[in-house]
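Asks: Every position in the sequence shown, counted from 1, becomes a number in the working numbering once 7 is added.
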Amino acid sequence: MLGAALREQVCQANRELPTLGLVTLTWGNVSGFDSDQGWVAIKPSGVPYGELRPADIVLLDLEGRVLDGELRPSTDTPAHLVLYRAWGGATEKVGGICHTHSELATAFAQARMELPCFGTTHADHFDGPVPLTRQLRPEEVASGYEAATGQVLVERFAGSPAMSPRRIPAALVPGHGPFTWGADAAAALNHAVALEAVAKIAHAQLALGRAIELEEFLRAKHQQRKHGRDAYYGQIR
Ligand SMILES: [Zn+2]
Numbered sequence: 008m009l010g011a012a013l014r015e016q017v018c019q020a021n022r023e024l025p026t027l028g029l030v031t032l033t034w035g036n037v038s039g040f041d042s043d044q045g046w047v048a049i050k051p052s053g054v055p056y057g058e059l060r061p062a063d064i065v066l067l068d069l070e071g072r073v074l075d076g077e078l079r080p081s082t083d084t085p086a087h088l089v090l091y092r093a094w095g096g097a098t099e100k101v102g103g104i105c106h107t108h109s110e111l112a113t114a115f116a117q118a119r120m121e122l123p124c125f126g127t128t129h130a131d132h133f134d135g136p137v138p139l140t141r142q143l144r145p146e147e148v149a150s151g152y153e154a155a156t157g158q159v160l161v162e163r164f165a166g167s168p169a170m171s172p173r174r175i176p177a178a179l180v181p182g183h184g185p186f187t188w189g190a191d192a193a194a195a196l197n198h199a200v201a202l203e204a205v206a207k208i209a210h211a212q213l214a215l216g217r218a219i220e221l222e223e224f225l226r227a228k229h230q231q232r233k234h235g236r237d238a239y240y241g242q243i244r
């Protein structure tokens, strides 16, 4: 099977979506990207997660041509391809993307609110507020909708080092929901779990009527100890 290792990883990540409480029905997909080969592996459209086998995962090139697989790829594939074309290189090294309609993150997207960095839990995963993209224009929705969704995500991060997709591996599309990404499919999935958890906490905090954002020095400390040059979170490998 062409791209067997990549397809197995992507299959596993997709199978975990419902187990982790991130999806209802088939509202979500995970993909993976092998930058050496230029291969994208993605969930097939409409197949229940529990039935997915690695051979069902569709293997494509960056232009969306199917290289291997019998099934139709996810309808969201063009969005994933736009993101890999923009961020799959040596600078951002994005090798996995996860899109869900997880409840609380989607509520923020529907409320057209970015997700503020309220606490250290958030800062451990996202180095600042999780941004909201601009809304798509009617003509973008009418033609090339899914690719335009990828494009507004790329646009949101363009031109500001503070907004690097490596530092903030998530964004919300207004009226739609969250996208997360990471070094591979498992990392993208992990960020989707973290995003939903911090959205849940933020929602509870907003219900308490205290929209207090985390102090800058604490945010910086939490990012640096987990992701910085001298990171000391976790075990030394
Ligand atoms: Zn969606």
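C-beta: ideal position from N, C-alpha, C; glycine also.
Note that the structure is a prediction, hence the values are computed from the model and not measured.
Assuming Ala-193 contacts Ala-20 under a Cβ cut-off of 8 Å, what Cβ separation, rounded to an integer in Å, is found between them?
Replies: By 1-based counting over the sequence shown, the position of residue 193 is 186. By 1-based counting over the sequence shown, the position of residue 20 is 13. Confirmed, Cβ separation roughly 6 Å.
Asks: So, using beta-carbon positions, are Ala-199 and Leu-29 closer together than 8 Å?
Replies: To locate residue 199, count along the sequence shown from 1; it is residue 192. To locate residue 29, count along the sequence shown from 1; it is residue 22. Yes, the pair counts as a contact, with Cβ atoms nearer than the cut-off.
Asks: Any heavy atom of ligand 1 closer than 7 Å to the Cβ of His-132?
Replies: Taking the first residue of the sequence shown as 1, we reach residue 132 at position 125. No, Cβ of His-132 sits at least 7 Å from all heavy atoms of ligand 1.
Asks: Go ahead and pull the three-state DSSP assignment for Ala-238.
Replies: Stepping through the sequence shown from its first residue, residue 238 is reached at position 231. Coil, per DSSP.
Asks: Should Leu-74 and Trp-46 be called a contact, given that it needs their Cβ atoms to be closer than 8 Å?
Replies: Residue 74 sits at position 67 when you count from the first residue of the sequence shown. Residue 46 sits at position 39 when you count from the first residue of the sequence shown. Yes, Cβ-Cβ distance for Leu-74 and Trp-46 is below 8 Å.
Asks: Are the beta-carbon atoms of Phe-133 and Ile-64 separated by less than 8 Å?
Replies: The residue labelled residue 133 in the question sits at position 126 within the sequence shown. The residue labelled residue 64 in the question sits at position 57 within the sequence shown. No, the pair does not count as a contact, with Cβ atoms beyond the cut-off.
Asks: Quick check on the burial criterion: 16 or more other C-beta atoms within 10 angstroms. Buried or exposed for Phe-164?
Replies: Along the sequence shown, one-based indexing puts residue 164 at 157. With 16 or more Cβ atoms within 10 Å of its Cβ, Phe-164 is classed as buried.
Asks: Looking only at C-alpha atoms, which of Leu-27, Arg-141, Pro-61, Val-205 sits nearest to Ala-130?
Replies: Here the question's residue 130 lines up with position 123 in the sequence shown. Nearest option by C-alpha distance: Val-205.
Asks: Please find out if some non-hydrogen atom of ligand 1 comes closer than 7 Å to the beta-carbon of Gly-151.
Replies: Your numbering for residue 151 matches position 144 in the sequence shown. Answer for Gly-151: no, Cβ out of range of ligand 1.
Asks: Could you check if His-183 belongs to the surroundings of ligand 1, using beta carbon to heavy atom distance under 7 Å?
Replies: Residue mapping note: residue 183 aligns to position 176 of the sequence shown, counting from 1. Within the cutoff, so yes.
Asks: Ala-155: which of Pro-61, Val-101, Pro-85, Ala-118 sits nearest, CA to CA?
Replies: Within the sequence shown, numbered from 1, the residue matching residue 155 stands at position 148. Among Pro-61, Val-101, Pro-85, Ala-118, the Cα nearest to that of Ala-155 belongs to Pro-85.
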